[in-house]
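Student: Under my numbering, think of the first position of the sequence shown as 1, with each following residue one higher.
We treat Cβ as the ideally placed atom computed from N, Cα and C, and that holds for glycine.
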Amino acid sequence: MKITKVETFLVRWGDVSQPLEAATSAATAVVAIHADGLVGLGEASPMQNGVASLQVIARDMAPALIGADVLDHAVTLDRLLHKLIKLGPDGIVTGALAAVDIALWDLKGKAFGQPIYKLLGGAWRTRIPFYASIGGNANRDVDGMLRTVEARFKAEQPSAIKIRWDGARGEIDRDIAGDIAKARAVRKLVGDGFPLAFDANNRYSVGAAIRVGRVLEELGFIWFEEPVEYYHPKAMGEVAQRLDITVSAGEQSYTLQSVATLIECGVRMVQPDIVKMGGVTGLMQCAALCHAHGVEFVPHQTQPAIGNAANLHVLSTVMQATKPAELADGWARAADTFVNAPKPDGGCLVVPEGPGLGLAVDEAMLARRRFDVKG
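(1) Among the residues of its own chain, which have a CB less than 8 angstroms from the CB of K2, if the five just before and after it don't count?
(2) Under a Cβ-count criterion, where at least 16 other Cβ atoms within 10 Å of its own Cβ denotes burial, should D244 be classed as buried or exposed?
(3) DSSP three-state call for G356: helix, strand or coil?
(4) In this structure, how does DSSP classify D166 when only helix, strand and coil are distinguished?
(5) Use the C-beta contact count for A74: other C-beta atoms within 10 angstroms, 16 or more gives buried, fewer gives exposed.
(6) Would you please state the rounded distance, in angstroms, between the beta carbons of I161 and A181? I believe it to be under 8 angstroms.
(7) Kindly give me the distance between the Cβ atoms of I57 and V30, rounded to whole angstroms, as I take these residues to be in contact under 8 angstroms.
(8) Taking G356 and W105 to be in contact with their CB atoms under 8 angstroms, please state how far apart those CB atoms are, rounded to whole angstroms.
(9) Would you grab the beta carbon distance between A62 and G278 for me? Rounded to a whole angstrom, and I think it's under 8 angstroms.
(10) With a 10 Å radius around its C-beta and 16 neighbouring C-beta atoms as the bar for buried, classify T317 as buried or exposed.
(11) By Cβ distance, which residues of its chain are closer than 7 angstroms to S38, with the 5 residues on each side in sequence left out?
(12) Three-state secondary structure (DSSP) at F194?
(13) Quickly, what does DSSP pair L38 with across the bridge? List them, please.
(14) Classify Y386 as helix, strand or coil using the three-state DSSP reduction.
(15) Could you tell me the boundaries of the alpha helix (DSSP H) in which P63 lies?
(16) Evaluate R164 with the Cβ neighbour count: other Cβ atoms within 10 Å of its Cβ, from every protein chain shown; 16 or more gives buried, anything less gives exposed.
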């Protein structure tokens, strides 16, 4: 099963009539790998629209992929990593490899007529509870945040809710009292028993994180995500060890080694993202690492179609799953292109059953939204 063609492109969301330069601010970074008349789709990290990773694929990876056997998946990816190791292994290169990995799994599933989760050993569940991940709260007042949370709570009926801050990085400890007020208001809105999480998006010093964390414990929040800068794993570990609430991190991790460092520092819930950390293969490795260390494995995932479907295939195979899957803002933006992309269904997301990722594509709409990215 030889690879014959590799395409890299953005799928633009929103108004496709606007200039391409503006449209790329809201897009999905896609690689399409062709073999034996089949096409496998993968997705790169959306950081800076994913353009840099797509260019690495087009310029530096595609020539080595042409002619490779799809079933030599692991060897091919390892060769690509070591070919480009001085550009990584974190960041752009690993995001590119994640996209290629997902596309190869999609191809293999289509070749064998099986969903990816079957190739991984089978699913413990194909209905996976989800949490509504609600961002932008740094720039809302309490009432504005409550209106946003209530709207998604009613529309989606999630199994849990996470409130995210998403403010400008570098504004450390800007409004601790205001953040606490928002946490209290959300708890009052949803009631005492409903599962809540708080994503600080790296906005606190260690001391402030501990102060906020104590309030979250009092309010019954179930986890406290990235309270301090992610690139200070020892500080993240210190906060984790000094609080009773579960402290989580890892969405910025691109390698198994960086996840291991978080665990060694004391973080007990890790959140790698499938479009950053090695795709399906990387996430399965991370699940094994977490199981070996007794650490919760709760992947981060904000992409609406390819990334989300790939993530659900992996989560379905993990017996030790402890928390719901993430469903972020804007998940419906893919619905007119990936026509069966997972969507809320009674507090759950359903893993696609078709071969590979199981995604059905409206080719006419894809053609309208596509913007090719060359190396």
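Tutor: So, from the data block:
(1) A35, D36, G67, A68, D69 and V70
(2) exposed
(3) strand
(4) coil
(5) exposed
(6) No, I161 and A181 are not in contact; Cβ-Cβ is about 17 angstroms, not under 8 angstroms.
(7) That belief does not hold up - the Cβ atoms of I57 and V30 are roughly 10 angstroms apart, past 8 angstroms.
(8) 7 angstroms
(9) Not quite, the Cβ-Cβ distance comes to about 19 angstroms (not below 8 angstroms), so this is no contact.
(10) buried
(11) Strictly speaking, residue 38 in this sequence is Leu, with Ser absent from that position. L107, K110 and A111, listed in sequence order.
(12) coil
(13) A35
(14) The first residue shown for the chain is 1 and the last is 375, placing residue 386 beyond what the model contains.
(15) A62 to L65
(16) buried
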